[in-house]
Amino acid sequence: MSLLLEAARQPDRTAGRARRAIDWLPVALLLPLFALFVVWYVAPLFGTVLNSFHPHGLSGIRTDEWTLENYLEITTDPYYRTILIRTLSITAAVAIASAVFVYPVALFIDRQKPSVQTYLLLIYITPWLVNVTVKAFGWVLLLGPGGIINTALRSLGLIERPLPLMFNEFGVFIGLFHAQFIFVLLPVWAAMQGLDKNVVYAAANLGAGQATIIRRIIVPLTLPALAAGLIINMTMSLSAFTTPALLGGARTKVLSNLSHEINLVQLNWPLGAAAGVVLLALTFVPILLVRALGRSRIT
Amino acid sequence: MLELRGVNKAYGSNHVVRDVDLNVEQGEFFSLLGPSGCGKTTILRMIAGIVAPDSGAILLAGTEVTEAPINKRDLTLVFQNYALFPHMTVADNVAFGLTMRGVPRAEIQRRVREALDVVKLPGLDGRKPSQLSGGQQQRVALARAIVVRPRLLLLDEPLSNLDAALRDQMRWHLKEVQQQTGITTVLVTHDIQEAFALSDRIAVMNAGRIEQIGSPHDIYTRPTSSFIAAFTGDINLLEGAVEGDEAGGFAVRLNDGLRVLVSGEVRHQAGARAKLLIRPEAIALASPVEPDGHTRDENVFEARIDDATFLGAQVRVSLRVGDLPLIASVPGHGFEPYPASRTISIPRAACVLIA
Numbered sequence: 017m018s019l020l021l022e023a024a025r026q027p028d029r030t031a032g033r034a035r036r037a038i039d040w041l042p043v044a045l046l047l048p049l050f051a052l053f054v055v056w057y058v059a060p061l062f063g064t065v066l067n068s069f070h071p072h073g074l075s076g077i078r079t080d081e082w083t084l085e086n087y088l089e090i091t092t093d094p095y096y097r098t099i100l101i102r103t104l105s106i107t108a109a110v111a112i113a114s115a116v117f118v119y120p121v122a123l124f125i126d127r128q129k130p131s132v133q134t135y136l137l138l139i140y141i142t143p144w145l146v147n148v149t150v151k152a153f154g155w156v157l158l159l160g161p162g163g164i165i166n167t168a169l170r171s172l173g174l175i176e177r178p179l180p181l182m183f184n185e186f187g188v189f190i191g192l193f194h195a196q197f198i199f200v201l202l203p204v205w206a207a208m209q210g211l212d213k214n215v216v217y218a219a220a221n222l223g224a225g226q227a228t229i230i231r232r233i234i235v236p237l238t239l240p241a242l243a244a245g246l247i248i249n250m251t252m253s254l255s256a257f258t259t260p261a262l263l264g265g266a267r268t269k270v271l272s273n274l275s276h277e278i279n280l281v282q283l284n285w286p287l288g289a290a291a292g293v294v295l296l297a298l299t300f301v302p303i304l305l306v307r308a309l310g311r312s313r314i315t
Numbered sequence: 015m016l017e018l019r020g021v022n023k024a025y026g027s028n029h030v031v032r033d034v035d036l037n038v039e040q041g042e043f044f045s046l047l048g049p050s051g052c053g054k055t056t057i058l059r060m061i062a063g064i065v066a067p068d069s070g071a072i073l074l075a076g077t078e079v080t081e082a083p084i085n086k087r088d089l090t091l092v093f094q095n096y097a098l099f100p101h102m103t104v105a106d107n108v109a110f111g112l113t114m115r116g117v118p119r120a121e122i123q124r125r126v127r128e129a130l131d132v133v134k135l136p137g138l139d140g141r142k143p144s145q146l147s148g149g150q151q152q153r154v155a156l157a158r159a160i161v162v163r164p165r166l167l168l169l170d171e172p173l174s175n176l177d178a179a180l181r182d183q184m185r186w187h188l189k190e191v192q193q194q195t196g197i198t199t200v201l202v203t204h205d206i207q208e209a210f211a212l213s214d215r216i217a218v219m220n221a222g223r224i225e226q227i228g229s230p231h232d233i234y235t236r237p238t239s240s241f242i243a244a245f246t247g248d249i250n251l252l253e254g255a256v257e258g259d260e261a262g263g264f265a266v267r268l269n270d271g272l273r274v275l276v277s278g279e280v281r282h283q284a285g286a287r288a289k290l291l292i293r294p295e296a297i298a299l300a301s302p303v304e305p306d307g308h309t310r311d312e313n314v315f316e317a318r319i320d321d322a323t324f325l326g327a328q329v330r331v332s333l334r335v336g337d338l339p340l341i342a343s344v345p346g347h348g349f350e351p352y353p354a355s356r357t358i359s360i361p362r363a364a365c366v367l368i369a
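These protein sequences, in sequence, are chains X and V.
Residue numbers are given in the working numbering: position 40 of the first sequence equals residue 56, and the series is strictly consecutive.
Residue numbers are given in the working numbering: position 76 of the second sequence equals residue 90, and the series is strictly consecutive.
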């Protein structure tokens, strides 16, 4: 305690030199975590990036040679390319669906009493609180060939053979959309809460109806929040592993499954590293995309 | 033009507006004046349709609009925080109401330019509200409200967010714009000077009720309650009992024995307890050099100066007549603190009896 007080007083006493002097206490407090990060995160990541530029040989990574072959293979091999495109399409579909559905839901919640709002938000948060594996098996019960939906439709005589609701892109889409909707809903709802209600009243006062107010006032003013939500949403879709593995099955692999397969099944670490680096690079795409979008629409 | 009949509003057990009756004439500048929390803003929001009254009726140009939706009332409101659309340019902000009314594009452009000229804000069409000063935002909000030529213009403390110098300037500007456009206007304010300077008539509110409606002059010189007297300026509030008739008025015997003559008709029985209001500026100090003759329309007392505070244009003088303390406000120019013993005079007409 006295040490902290001393540190706090320091700048006043040496006001002239304060700008140059470094306060070592915060640095010392941050150092352990920083070291942990360097040793177990930055260094291995750096190693992975290096590995991705080495060729793979029978005896493992040939560190004496450098090549771009791995990247060429990931981006040009038809099998890998299909997976790459599938990953991007599912991510885009989840983002678009989230952006479309978020406004009705957020507007509805925003209009309830504060106590009701808490419960409604809790309902939308629960998918995130449930373990991802449990959630996926829950979807199997609903969407599977012998699941509730197909059984119900068949007993009603509406279909003869079960609809392919999972072990395909649709299953992965449903699982990811369900799990990650909250990351779009929360910021948009919060932005609506933070909106100056007088601005909405002003629009109504000048003759705007409900639909016009939503279109011309509420949506434009909450777009930055939607953009922020979409960054998280898309980043998580791109890197999702368990949900695609369980709901997509072996035929509907995405990039994270592929990277796992190459690294731990094929044991081709350089190619796996390249897949990982591509995945990492792709997660920056939504961030840049949304930022560019934000800059053009909102000042 | 605007009529309120027995309007009530309560939030839970908090009865914020009680039985308010109100009549605003065509072209009038009408103010709701009162301390914060007196219900004046709630009344304005009920007129605008943002808040629904619990009971009573609101009529606009003879038509009841109590249940009419907010966007169908053809009146505009200038919000205290302006509530400009932050993502739209100045021109788009002003054009919003016209677009909603389906006005043709060419006419919108013309009227937006006109409105921005009226509020003396040309050449900033392309700016966003965040790029404007408080005073400029205020003008945009005003332009946005008048451009649609509403039947009624509502102003919610429009000047309270501006600094003193700008507030003064905008006050005259507001008056000018209202006279120029002739739009019936209802202003909500807690600023007495603002209400006095702008209004044709004022309704003074206290705790959800309207206590008095009248011209600024009426309100100031003939307040009907000690609340209004104290709210609208400095006062000497003296207690006493009404005595009999006196030529051209009547007398009040104050509790400490002083007898004050009041002009006007006696509306009280002799002996009735009453409060006597004297504004500090109504008390005149006789010049120490040449004590002048007093007319019989004045009360004349011998007083002693206890203290004097120089405030520039005015000097605030603490006096004592016998044991009775009085506050006087006299012109700062030429004020002499000595001698301390002085003759003071108070016109009968400046003594107001409050029940």
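Even glycine gets a Cβ: it sits at the ideal position worked out from N, Cα and C.
None of the values given here were measured: they were computed from a predicted structure.
- The region 279 to 286 of chain X and the region 95 to 113 of chain X do not touch, with fewer than 3 CB-CB distances between them shorter than 8 Å.
- By the CB criterion at 8 Å, residue 87 of chain V and residue 62 of chain V fall inside the cutoff.
- Boundaries of the beta strand (DSSP E) harbouring residue 259 of chain V: 250 to 260, taken from the DSSP string.
- Burial is judged here by how many other beta carbons sit within 10 angstroms of a residue's own beta carbon; residue 208 of chain V has at least 16 and is buried.
- Scanning its chain for C-beta atoms nearer than 6 Å, with the 5 sequence neighbours on each side dropped, one finds no residue around residue 210 of chain X.
- Within the region 184 to 253 of chain X, the alpha helix (DSSP H) runs of at least 4 residues that lie entirely inside it are, in chain order, 185 to 196, 198 to 210, 213 to 221 and 226 to 229.
- In the structure shown, the three-state DSSP call for residue 158 of chain V is helix.
- For residue 225 of chain X, the chain V residues whose Cβ falls inside 8 Å of its Cβ are 85, in order along the chain.
- Among the CB atoms of chain V, one or more fall inside 8 Å of the CB of residue 233 of chain X.
- Residue 301 of chain X carries a helical assignment under DSSP once its states are collapsed to helix, strand and coil.
- Within the region 150 to 161 of chain X, no residue has its Cβ closer than 7 Å to any Cβ of chain V.
- Residue-level contact check: residue 306 of chain X does not touch chain V, since none of the beta carbons of chain V fall below 8 Å from its beta carbon.
- For residue 170 of chain X, the enclosing alpha helix (DSSP H) starts and ends at 164 to 171.
- The shortest C-alpha to C-alpha distance from residue 307 of chain X to any of X/184, X/270, X/242 and X/106 is the one to X/242.
- Residue 194 of chain V counts as exposed, since fewer than 16 other C-beta atoms from the protein chains shown sit within 10 angstroms of its C-beta.
- Its Cα nearest to that of residue 222 of chain V, the residue V/47 stands out among V/42, V/47 and V/16.
- Boundaries of the alpha helix (DSSP H) harbouring residue 110 of chain X: 94 to 126, taken from the DSSP string.
- Counted as a single uninterrupted DSSP element, the beta strand (DSSP E) harbouring residue 345 of chain V occupies residues 338 to 345.
- The C-beta separation of residue 185 of chain X from residue 268 of chain X comes to about 6 Å, placing the pair in contact by the 8 Å criterion.
- Not a single CB atom of chain X sits nearer than 8 Å to the CB of residue 80 of chain V.
- By the neighbour-count definition (other C-beta atoms within 10 Å, threshold 16), residue 231 of chain V is an exposed residue.
- Neighbours of residue 143 of chain V in chain X, taken as residues at a C-beta separation under 7 Å, are lacking, since the least C-beta distance is about 10 Å.
- The region 67 to 85 of chain V and the region 230 to 248 of chain V do not touch, with fewer than 3 CB-CB distances between them shorter than 8 Å.
- Residue 273 of chain V and residue 298 of chain V have their C-alpha atoms spaced approximately 17 Å apart.
- When the beta-carbon positions are compared, residue 119 of chain X and residue 43 of chain X stay at least 8 Å from each other.
- Under the three-state reduction of DSSP output, residue 235 of chain V falls in the helix class.
- Taking a beta-carbon distance threshold of 8 Å, residue 203 of chain X does not count as an interface residue toward chain V.
- Nearest in C-alpha terms to residue 191 of chain V, of all of V/285, V/23, V/129 and V/283, is V/129.
- Interface with chain V (8 Å Cβ-Cβ cutoff): residue 145 of chain X is excluded.
- Residue 149 of chain X: member of the alpha helix (DSSP H) spanning 148 to 159, first to last residue.
- Residue range 40 to 53 is occupied by the alpha helix (DSSP H) that includes residue 48 of chain X, with no beta strand (DSSP E) assigned at that position.
- Residue range 119 to 132 is occupied by the alpha helix (DSSP H) that includes residue 125 of chain V.
- Proximity of residue 154 of chain V to chain X, defined by a Cβ-Cβ separation below 8 Å, is not satisfied.
- DSSP, read as helix, strand or coil, puts residue 190 of chain V in helix.
- When 7 Å is used as the limit between beta carbons, residue 133 of chain V is near no residue of chain X, the shortest such separation being about 16 Å.
- Contact note: residue 90 of chain V reaches chain X through 221 and 222, using a C-beta cutoff of 7 Å and chain order.
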